[in-house]
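Residue numbers (our numbering), protein chains in the order written: chain A, 312 to 573; chain B, -9 to 395.
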């Protein structure tokens, strides 16, 4: 059987160790809003190991979005430490953080955030433009990533010619193209209907099975159930941290859902 | 960041809003076109003045017989009889800055050929005169030093005289009467056109100065001495040295005024040239204003573009674009805008100056410098006015940018 190089890569990194990909120690984050200080994170301690699939839940204002931004190196802690693959990134400057985002982190957003009038392939290629990768290798990686989400036949399509589910799959391919250590998904199913949501979760479960570490923010309980572990945030702290028991397979759930007729 | 990809994404971004891009670029286009036209017209104007300077003569130094004061009554110029051939010889021999000297005797005269007659002026000179004035023969051959030495009855006629007396007939070898003296026409001169003061320089007949002195005017002195300095820079100095030589030869005491005048017709033309240059610079300055206005237009559109594409910037930063990469991307777009504007401006400018050249009948010369400078300037405008929007884009907070609606 032909295996895709990117998948091989994921499997091999998964095999290296079960050490913590993410370790957060006594994380605090506060914003100064005029006179008042808003506490978004009030002492978070947690670890995520390689190959985990974690769902983060919580009401708005619970600090889960802030936490995701910290994990994604888009924001920095006010105090505490964040270690990504045993490297303390709390003290990294902007340029170093950009490099980490490029090499180690894949983002999937609620609103897909694809570039309009740019093909699926070119959208997938975007992160490679900021890495030192030559043109043929870029094309190859982008095509591989699209294959992984089952959209290689749509490579030349523009976002406006694709459904929401397809656009989100292109976004996932974009997140995978630089072979990241973790995939961060912020409400990836928020703009999708329930069947398409499950399809996206199926892709996540398959990637996770191949060894990819995934952190997912959602406020839908049934979506969170597809993960292996659920963290619940409230008032800037982790209130619950439970493994998912009786985790459903998205592929099985899909069979029970009626197919959309078009 | 990959430069090919950068170029491509800039192009796509600009093509997304074709109309907007075209309108933005228009300011730069008009500015560059205006500058190129002004430079071309200015250069053509200067070339014309330069040509008149050339026409005037070869580093021309003009010594003219002066006026006199007889019992307090002052005469006009050309009334002294002290300027003689020996002075001309002395100037030629003693002043190393002067390479050519011709005496000059002139007066108005009536010329007759067959049943035609014409009022013109004659000029008695030595053969060197034609070199000093850079005047070339059309037909025939100029009179020689030998002709001058023996006061031969020969003459050379200008285009106007030729047309008035001969029409289409070939004048070479024919005899005309110059104030009663029969003279053989040995050559016709290449037309010089109007002088700066509007005189027809071709309305003249030229004879050996000896003939003019002895057989027509009946004098022993000269009206003028026309000289040619060795280079344009020493024209003034040659004039000063000639003054010293002549004062010495004419035994003038220090308190006495010169009995001759040194004229500098070149000064007048030089002043015209300077005025023309100043005017050109002024016009370039005015045209440059439109470049600045065009640049502000680019800045405005780039600021709008940054705002419109806030989410795109957020995504790019999230997937690993550094501040420098974002800045380069937007700077690339503004440079591309201004460069396209500049290129269109060069095209319109070349076309425009060609049209002006055709209309005015001036020979237009496109200067490569102007085009290169225009291209560089448009890049500079792109960098200068694109810098602030690009910086703004690169400083966006990615979290805010991703949330931006």
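Every residue gets a Cβ at the ideal spot worked out from N, C-alpha and C, and that includes glycine.
For residue 429(A), the closest Cβ of chain B is nearer than 9 Å.
For residue 311(B), the chain A residues whose C-beta falls within less than 7 Å of its own C-beta are 409, 441, listed in chain order. Around residue 405(A), the beta-carbon contacts reaching into chain B at under 7 Å are 313. A check of alpha carbon separations from residue 560(A) across 527(A), 448(A), 519(A), 346(A) identifies 519(A) as the nearest.
In this structure the segment 134 to 141 of chain B does not touch the segment 156 to 167 of chain B; the number of beta carbon pairs closer than 8 Å is below three. Annotated three-state conformation of residue 184(B) is strand, per DSSP. Within chain B, the residues 392 have their CB atoms less than 7 Å from the CB of residue 420(A), given in chain order.
In the displayed model, residue 342(A) falls within a strand according to three-state DSSP. The Cβ atoms of residue 90(B) and residue 53(B) lie no closer than 9 Å to each other. Under the 9 Å criterion on CB atoms, residue 387(A) is classed as non-interfacial with respect to chain B.
Judged by their CB atoms, residue 195(B) and residue 203(B) are not nearer to each other than the 9 Å cut-off. In the three-state reduction of the DSSP assignment, residue 143(B) falls in the coil class, being assigned neither a helical nor a strand state. For the segment 454 to 474 of chain A, no residue has a beta-carbon sitting nearer than 8 Å to a beta-carbon of chain B. Shortest Cα-Cα distance from residue 536(A) to any of 524(A), 516(A), 523(A), 349(A) involves 516(A). In this structure residue 512(A) is buried. Its beta-carbon is surrounded by 16 or more other beta-carbon atoms within 10 angstroms. In its chain, beyond the 5 residues on either side, 352 have a beta carbon closer than 8 Å to the beta carbon of residue 38(B).
When DSSP states are grouped into helix, strand and coil, residue 273(B) belongs to the helix group. Counting along the chain, residue 552(A) sits inside the beta strand (DSSP E) bounded by residues 548 to 554. According to the DSSP assignment, residue 496(A) belongs to the beta strand (DSSP E) that extends over 493 to 497. Counting only runs of at least 4 residues, the segment 441 to 523 of chain A fully encloses the following alpha helix (DSSP H) elements, listed from N- to C-terminal order: 446 to 459, 475 to 487, 505 to 520.
Shown here for residue 441(A): same chain residues with a beta carbon closer than 8 Å to its own, the five before and five after excluded, namely 409, 413 in chain order. Non-local beta-carbon contacts of residue 182(B) in its own chain, meaning distances under 7 Å to residues more than five positions away in sequence, involve 45, 125, 191, 192 in chain order. A straight-line Cα-Cα distance of about 44 Å links residue 297(B) and residue 268(B). Boundaries of the alpha helix (DSSP H) harbouring residue 120(B): 118 to 122, taken from the DSSP string.
Within a 10 Å sphere around the beta-carbon of residue 320(B) sit 16 or more other beta-carbons, which makes this residue buried. Contacts with chain A (Cβ-Cβ distance below 7 Å) from the segment -4 to 21 of chain B involve 2, 6, listed in chain order.
Interface annotation for the segment 293 to 310 of chain B against chain A: 301, 302, 304, 305, 306, 307, 308, 309, 310, criterion Cβ-Cβ distance under 8 Å. Counting C-beta pairs closer than 8 Å gives fewer than three between the segment 503 to 510 of chain A and the segment 341 to 348 of chain A, which falls short of the contact rule. Inter-residue distance for residue 491(A) and residue 379(A) is about 16 Å (C-alpha atoms, whole angstroms). The beta carbon of residue 338(A) is closer than 6 Å to those of 352, 355, 388, 391 in its chain, skipping five residues each way along the sequence. In the displayed model, residue 394(B) falls within coil according to three-state DSSP, outside both helix and strand.
Selection 382(A), 370(A), 368(A) evaluated against residue 334(A) yields 382(A) as nearest (Cα-Cα).
Between residue 389(B) and residue 304(B), the gap from beta carbon to beta carbon is short of 9 Å. A Cβ-Cβ contact shorter than 9 Å links residue 544(A) with residue 367(A). Excluding the 5 residues flanking it on each side, residue 346(B) has same chain C-beta neighbours closer than 8 Å at 27, 30, 31, 352, 354, in chain order. Interface with chain A (9 Å Cβ-Cβ cutoff): residue 322(B) is excluded.
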